[in-house]
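Protein chains in written order, with the numbering used here: chain A, 2 to 147; chain B, 2 to 147; chain C, 2 to 147; chain D, 2 to 147; chain E, 2 to 147; chain F, 2 to 147.
Every residue, glycine too, gets a C-beta built ideally from N, C-alpha and C.
What follows is a short report on a single structure.
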């Protein structure tokens, strides 16, 4: 809402140069082999995203692109931002988003204790309504970090 | 969350050609002269946005740009999409966003009854927790449509 | 969303007979004299509601009516339901709604400890994001129960 | 919360006369035959609503009735209001509500592009947390508009 | 957020003495035998909680403990607070939480009409977005109160 | 909701030993002298918290204590967790919470770019409804990092 932005070319800016693709310690395939919850999530996402891509909706593609750029290496490490995505997902209570960001953080080398501490922030900020999601998140963590 | 989009150039697509800037029946200045609530909102927004623009944050600019593109003339008229923005803002309960989209819909020629019907959808979907925002929205409508 | 209800006359039902207006221990005027926060809230609400009533919107009036009926004496005492409205308002984080239901519960004779226990449920369910609203609610309780 | 409405008969008002039942291009049965997702949703809803109706709760029936009235033909076409219901459902992230309003908009003749533009408003207002719901909505659109 | 609390020992206070474990009319086992929905919920919860407990996370345990203390007998009866938990769960739209508190209220002797009135508060405060959850809640009530 | 925790003494656990109070680069007083927004927030919080403390509510004190413990130095640095608190606060849209965590992150040495990147995660996850809060957050950042 309520922006003044226009469609003209975006000028160069100071934070842009720092952003770059993170280096993953594990592929999505390796994660899927380790965790059944991850495997089912990744398969469903791939299938549904194929359908979204087929629709070729301009704004959806722009949003996906923007979303992708948000979690690149920057001033903050990609791993930290994926953990922040986990916090946001848990306190907004979206299981798919929780699984996604927990997998991403795992792929970027976050130890289990960092995932738990991130979930603690979400639990305290978001309250007991977060608990059912926390329980399911711990089930995933158990599979990922066995 | 959970996209597969990458940073490569976005290919042409079918919906893009239809989008264009809407034609406003009233300027923001005219709205500010008619409504004190609108005037205060627009002044504060201008002041704070100047500060945001000064920061020149790449992702914020991209988001503002995407946000701007969402409400252009498309398959649905810009006016309808501003009213949809009003519905979303009211059921997510953000006064600033409500004021912004109500002003935009007014500038695009929406009669008061259309604003009220849109707010009714938000009220029924969102429940009585929307009522304090509805009351403030009606105060703005009273000033705009006097 | 997604109902099958139609506009035909609603048949009699088992819960209807039990509902009746509650008896208040205090008038809104008495509350306004005791608490400055309550006074300002009630004045603003009265002014804004006059504006909403002038608009004479059919669905808004129906919703207000339904809302009114929800808190009548029923199987549960009106006081209990106002405290439930307080819980809902606090965990959905609406200051106006919190003030309204805290005033109603006070008018129906709820002691301060019942208001605090209700707010505790909202705090634990809703998390630390509720705390700023809790602080403002305690300011009101201080004025009401001095 | 916080209304002054009472239970007395509601006087006539200006917007009431305009409301009337919309004319659907497709029956729910036809939709269920076209889309498996729709069929499962409609069957579950029918089964659960039968149970709710059996309970014969006065306020639930009043709410269902009010809900029904919100989406009738009015100043805004029923189709537009169903699309608004879709926007509200998507940004509040309720899959059942998304499916319901997408089906309703389809039954009222909304082309797929209008559904996508409505979802875009929800995506931009509501953020990436909406994406999992968007993906599932596109799966339904694919079945409905094949 | 934003507290000034520190880790020193908490001094005695006036509300603490009143809190004590409630007396349940039914065990979880009895509830699971009566309702298939309850049974599946309780089994899944037990399995997932075992996993959470194994992780032995300090803050999660503290939060679970605090959560437990919130619903003890106090100034308000435990039953009333479980019904408040139901209201909060329904207007925040968490099916697991709704099932949990409805079961707890049932175990503490709440008749079905009290559960329905509590859900009505949530429906009116939270709006039609609550309806899918209400439908599922009524399915549970049907099984519990047959 | 739905825990099995009891009131017995909590056994020792592996994450507890690592938690300790963070070392702040700036006092709250120094922050208040630098930023008028911070000063007003801190004054109001102090005044309202005094009132909450006077009430001496057992559960509120326990919750404040738990909240305090969540942001101590642990596996993740306190600064990172305050930035996570900022993300959670921004996507749940609580201005007071945003101001609090932005101040805390500042006091722990977070440069402005880290605050902006954290807010970007909240913006993308939470959508344009976050923008009014982002604007106000940038106003605070401008004062803190001048």
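Taking Cβ-Cβ distances shorter than 9 Å, what residues in chain F pair up with residue i?
i                      : result
residue 109 of chain A : What residue 109 of chain A touches in chain F: nothing, since even the nearest Cβ is about 14 Å away.
For residue i, which residues of its own chain have a beta-carbon under 6 Å away from its beta-carbon, when the five flanking residues on both sides are left out?
i                      : result
residue 90 of chain E  : 98, 99 and 102
residue 113 of chain F : 142 and 146
residue 92 of chain D  : 123, 126 and 127
residue 119 of chain C : 84, 87 and 88
Sorted by chain position, which residues of the same chain lie with C-beta nearer than 7 Å to residue i's C-beta, five sequence neighbours on each side aside?
i                      : result
residue 13 of chain D  : Bear in mind that the predicted position of residue 13 of chain D carries a pLDDT of just 41, short of 50, making it unreliable; the figure below should be weighed with that in mind. Closer than 7 Å at the Cβ level, and outside the excluded window around residue 13 of chain D, lies no residue.
residue 8 of chain D   : Residue confidence for residue 8 of chain D is low, a pLDDT of 38 falling below 50, so the modelled location carries little weight; the figure read from the coordinates is stated next. Excluding sequence neighbours, residue 8 of chain D sits near nothing in its chain.
residue 130 of chain F : 94
residue 61 of chain A  : 53
How would you list, in chain order, the residues of chain B whose beta-carbon sits under 8 Å from the beta-carbon of residue i?
i                      : result
residue 125 of chain F : 60 and 64
In chain A, which residues lie less than 9 Å from residue i when you measure between Cβ atoms?
i                      : result
residue 143 of chain D : 52, 55 and 56
residue 112 of chain D : The premise fails here: residue 112 of chain D is roughly 13 Å from chain A at the closest Cβ pair, so nothing lies under 9 Å.
Closer than 7 Å by beta-carbon distance: list the chain B residues that pair up with residue i, in chain order.
i                     : result
residue 71 of chain A : 60
Can you pull the chain C neighbours of residue i, defined as C-beta to C-beta under 9 Å?
i                      : result
residue 129 of chain A : 125, 126, 127 and 128
Taking DSSP's pairing of strands, which residues face residue i in a bridge?
i                     : result
residue 82 of chain A : Paired residues: none, contrary to the question.
residue 21 of chain D : D:74
Could you tell me which chain F residues have their CB closer than 8 Å to the CB of residue i, listed as they occur along the chain?
i                     : result
residue 49 of chain B : 136, 137, 139 and 140
Starting from the beta carbon of residue i, find every residue of chain C whose beta carbon is closer than 8 Å, and list them in chain order.
i                     : result
residue 77 of chain F : Correct list: empty, because the minimum Cβ distance to chain C is about 17 Å.
What residues of chain B sit near residue i, judged by a beta carbon separation below 9 Å?
i                      : result
residue 117 of chain F : 56, 58, 60 and 61
Leaving out five residues on either side along the sequence, give the residues of the same chain with a beta carbon under 8 Å from the beta carbon of residue i.
i                      : result
residue 25 of chain D  : 108 and 109
residue 111 of chain E : 80, 83 and 84
residue 133 of chain F : none
residue 72 of chain A  : 23, 79, 82, 83, 86 and 105
residue 42 of chain B  : 97, 100, 101 and 104
residue 21 of chain C  : 73 and 74
residue 144 of chain B : 35, 36, 37, 38 and 39
residue 58 of chain F  : none
residue 48 of chain B  : none
What in chain E is Cβ-close to residue i, meaning under 9 Å?
i                     : result
residue 93 of chain D : 94, 128 and 130
For a contact defined as C-beta to C-beta under 7 Å, what are the partners of residue i on chain D?
i                      : result
residue 122 of chain B : 71, 82, 85, 86 and 89
Could you name the residues of chain D that residue i contacts, counting a contact when the two beta carbons are closer than 9 Å?
i                      : result
residue 133 of chain E : 46, 49, 95, 96, 97, 98 and 101
So which residues of chain A does residue i contact, with C-beta pairs closer than 7 Å?
i                     : result
residue 43 of chain F : Near residue 43 of chain F there are no residues of chain A at all, since even the closest Cβ is about 20 Å away, more than 7 Å.
Counting only beta-carbon separations shorter than 8 Å, does residue i have a partner in chain I?
i                     : result
residue 22 of chain F : The chain labelled as chain I is not found among the protein chains of the depicted structure, namely A, B, C, D, E and F.
Point to revise | Minimum length 4: unbroken alpha helix (DSSP H) runs contained in the region 41–76 of chain A | key: Segments of the alpha helix (DSSP H) lying fully in the region 41–76 of chain A: 59–71.
Practice item. Assess, as a yes-or-no matter, whether the region 113–129 of chain C is touched by the region 66–77 of chain E under the definition of 3 or more beta carbon pairs within less than 8 Å. Key: As far as the Cβ criterion goes, the region 66–77 of chain E touches the region 113–129 of chain C, which means the pair count is three or higher.
Review point. Can you find at least 3 beta carbon pairs, one from the region 74–88 of chain A and one from the region 29–42 of chain F, that sit closer than 8 Å?
Key: Contact between the region 74–88 of chain A and the region 29–42 of chain F is absent, with fewer than three C-beta pairs closer than 8 Å.
Check your understanding: Counting Cβ pairs, one atom from each stretch, are 3 or more of them under 8 Å apart for the region 131–143 of chain F and the region 29–48 of chain F?
Key -> These segments touch.
Review point. What are the complete alpha helix (DSSP H) segments, minimum 4 residues, inside the region 89–115 of chain E?
Key: Listed in chain order, the complete alpha helix (DSSP H) runs (minimum 4 residues) inside the region 89–115 of chain E are 96–108.
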